[in-house]
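Below: one structure, written as structure tokens.
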Amino acid sequence: MQSQEGADHQQVKTESMPKVAAASFIGTTIEFFDFYAYGLAAALVLNKAFFPELDQVAGTLAAFSTYAVAFVARPLGAAIFGHFGDRIGRKSILIVSLLMMGLSTALVGVLPGYGTIGVLAPILLVILRVLQGIGLGGEWGGAALLATEHAPSGQRARWAMFPQLGPAIGFILANGSFLLARIAAPDSFATFGWRIPFLISFLLVLVGLWVRLTIAETPVFRRVMENDQVSRTPFVELITQQWKRVLLGAGVMMVQYALFYTATTYCLSYATTVLGIGQTPMLIVVMLAVIMLGIGTAVSATLADRIGRKRMLIIACSVSVVWGLVTFPLLDTKSYPLMWLALAGCLALMGLSFGPMGAYLPELFGTRYRYSGAALSYSLGGVLGGALPPLIAVKLAAGPGSFAVGVMISVIAVISLLCVTRLPETRDQDLDHATG
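Per numbering that gives the first Met the number 0, the sequence shown starts with residue 0, numbered consecutively.
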């Protein structure tokens, strides 16, 4: 006899899985479009718009510091949204996180610079970045659960691939909008052109809201509610029972963040300020390289349902250890094809390790605190792998040199590899459990 879980999943698969995939994909695409737009602005213009009195290195470091602030705020967002997502449901919390991210991003687009309101400008910028980080801290975990908890067993990684594709598409859209603004209005890009992507993003938020409002609550969480198994204090329960898995999951995420943000945000700044490459050609190189992120994500998510999550992650982390050492020698050639190869390799490896995580992190935790666990692991990984490496990279490049930045990536890859080996395989695990 077919289980209730299997029957519910089969019904969802035939009736609404494409719609669920669209809702999770659109949301993360918009969220990461917003987040990456700021990263590009930090690499290209924010040092001049908000920190004009600092020299080039200090201004870039200050701009990246405001970028890092949002990563630090993400665990707070994970705790807040995770708590309510495990208490009242995934759907409503995803709507709130999308609105918070969208509004704070749009306000960055209209925020006056240092020349207009003085020191208040960077202060308000930091506040908006904190709100962005809190919103994103709740976004990914909910989107991953939306796909994973709706998906049939044996196909969870494939369906959870869609929120994982959001970062690649979001970055291409953000990069493309910056590139168009740079080409269309080169003389006003530093004063106004960079603001256009932030303003456009709110229109995308409205589309995302419309899609998410039409999605039903996940069948897995509905059964927890029907059986009166909802936790009163999911975050506390998570920390007391599964803190090791939270930290190990964050450790696995580190290499993915480090590969992405070093290869895009930091390398964009490094190439334009240190190597003397023009902003427009570098934006093109980065945008073309990000295509490999989408390809890597799709391939690894599909393979993760066949060979397992752990095996796929071990392969990706192992290759990343080696690739970190060749990235900057390729970049320093100033040859566009080799620079593309350096960045494309990083982003392909990021995709290969990122693809399985849409299913893997949710599968590591019980339904009672799954939103909190997946979101917190993901967000802590962002602090360790996304916020700190670009800041450290600026110092390393100015001191020991660019090769040291590649060594940093390799070290982070080793840490992620060790964390993977300490976690269980979850491909064949029953997702419909309440305590994990």
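Think of the CB as a built atom: it goes at the ideal place given N, C-alpha and C, for glycine as much as any other residue.
Bear in mind that the values here come from a model prediction, so they are computed numbers and not experimental data.
Taking its Cβ as the centre, do 16 or more other Cβ atoms sit within 10 Å of residue i, making it buried, or is it exposed?
i      : result
Glu424 : exposed
Gly153 : exposed
Lys243 : exposed
Leu363 : buried
Ser187 : exposed
Arg231 : exposed
Thr59  : buried
Glu225 : exposed
Phe32  : buried
Ala397 : exposed
Phe191 : exposed
Ser421 : For the sequence presented, residue 421 should be read as Arg rather than Ser. When all chains shown are included, Arg421 counts as exposed.
Ile116 : exposed
Ile411 : buried
Pro196 : buried
Lys333 : exposed
Val289 : buried
Val118 : exposed
Glu148 : buried
Thr434 : Any reading at Thr434 must be qualified, since the residue scores a pLDDT of 49, below 50, and its modelled position is unreliable; the value itself is stated next. So Thr434 counts as exposed.
Gly275 : exposed
Glu30  : buried
Lys90  : buried
Please report how far the alpha carbon of residue i lies from the alpha carbon of residue j, in whole angstroms.
i      : j      : result
Trp462 : Ala57  : Outside the displayed range of the chain (0 to 435) lies residue 462, so it cannot be described from this structure.
Pro388 : Gly88  : 34 Å
Met338 : Tyr265 : 14 Å
Phe327 : Lys47  : 26 Å
Leu205 : Met349 : 29 Å
Arg426 : Gly140 : 18 Å
Ala392 : Tyr335 : 21 Å
Ile294 : Phe170 : 14 Å
Gly381 : Phe70  : 6 Å
Ala61  : Phe50  : 7 Å
Tyr377 : Val254 : 12 Å
Val109 : Arg194 : 7 Å
Pro121 : Ala300 : 40 Å
Val284 : Phe259 : 14 Å
Ala41  : Gly277 : 16 Å
Ala189 : Ala270 : 18 Å
Ala341 : Arg86  : 44 Å
Arg157 : Gln428 : 15 Å
Leu360 : Pro399 : 36 Å
Leu379 : Ala72  : 10 Å
Val404 : Leu267 : 14 Å
Gly384 : Leu75  : 17 Å
Glu216 : Met252 : 27 Å
Which same chain residues end up closer than 6 Å to residue i when comparing Cβ atoms and leaving out the 5 residues on each side of it in sequence?
i      : result
Thr127 : Reading off the sequence shown, one finds Leu at residue 127, where the question assumed Thr. Here the set comprises Ser103, Leu106 and Val107.
Ser96  : Phe80, Gly134, Gly137 and Glu138
Gly84  : Ile92, Gly141 and Tyr370
Thr28  : Gly165, Ile168 and Gly169
Gly101 : Phe201 and Val204
Met356 : none
Leu45  : Ala62
Tell me which residues share the same chain as residue i and place their Cβ nearer than 7 Å to its Cβ, disregarding the 5 neighbours each side in the sequence.
i      : result
Ile25  : Val206, Gly207 and Val210
Lys18  : Ile214
Thr296 : Met160, Gln163, Leu164, Ala167, Gly350, Phe353 and Gly354
Met99  : Leu130, Ile133 and Gly134
Thr436 : Examination of residue 436 is not possible in this model, given that the chain is present from 0 through 435 alone.
Val318 : Leu348
Tyr35  : Gly169, Phe170 and Ala173
Leu123 : Leu110
Ile182 : Thr279
Is the CB of residue i under 9 Å away from at least one CB in chain E?
i      : result
Tyr370 : The structure shown contains no chain E; it holds only a single protein chain.
Less than 8 Å between the CB atoms is what I'm expecting for residue i and residue j, so what's the real figure, rounded?
i      : j      : result
Tyr370 : Gly81  : 5 Å
Arg308 : Ala358 : 7 Å
Ser23  : Leu145 : 5 Å
Ile408 : Ala184 : Incorrect: roughly 35 Å between the Cβ atoms, too far for contact.
Gly175 : Ile414 : Between Ile414 and Gly175 the Cβ distance is about 33 Å, and since that is not below 8 Å, they are no contact.
Leu375 : Val245 : 5 Å
Ile94  : Leu247 : The Cβ separation is near 31 Å, so there is no contact.
Ala262 : Cys345 : 4 Å
Glu236 : Tyr368 : 5 Å
Below 8 Å CB to CB, which residues in the same chain sit around residue i once its five sequence neighbours on both sides are set aside?
i      : result
Val298 : Gly350, Leu351 and Gly354
Leu390 : Leu60, Phe63, Ser64 and Ala67
Val406 : Gly323 and Leu324
Ala21  : Phe161 and Val210
Val320 : Ser409, Ala412, Val413 and Leu416
Leu292 : Pro166, Ala167, Phe170, Phe259, Leu346, Ala347, Met349, Gly350 and Phe353
**OP:** Please specify which runs of the alpha helix (DSSP H), each continuous and at least 4 residues long, are wholly inside the segment 250-280, giving them in chain order.
**Re:** DSSP assignment within the segment 250-280 yields the following whole alpha helix (DSSP H) runs of 4 residues or more, N-terminal first: 266-272.
Subject >> Length-filtered (4 minimum) alpha helix (DSSP H) runs lying within the segment 278-320 >> reply: 278-306
Subject >> Every unbroken beta strand (DSSP E) inside the segment 310-387 [3 residues or more] >> reply: none
Subject >> Length-filtered (3 minimum) beta strand (DSSP E) runs lying within the segment 118-196 >> reply: Runs of the beta strand (DSSP E) inside the segment 118-196: none found.
**OP:** Go through the segment 191-228 residue by residue and report every complete run of the alpha helix (DSSP H) that reaches 4 residues or more, in order.
**Re:** 195-212 and 218-225
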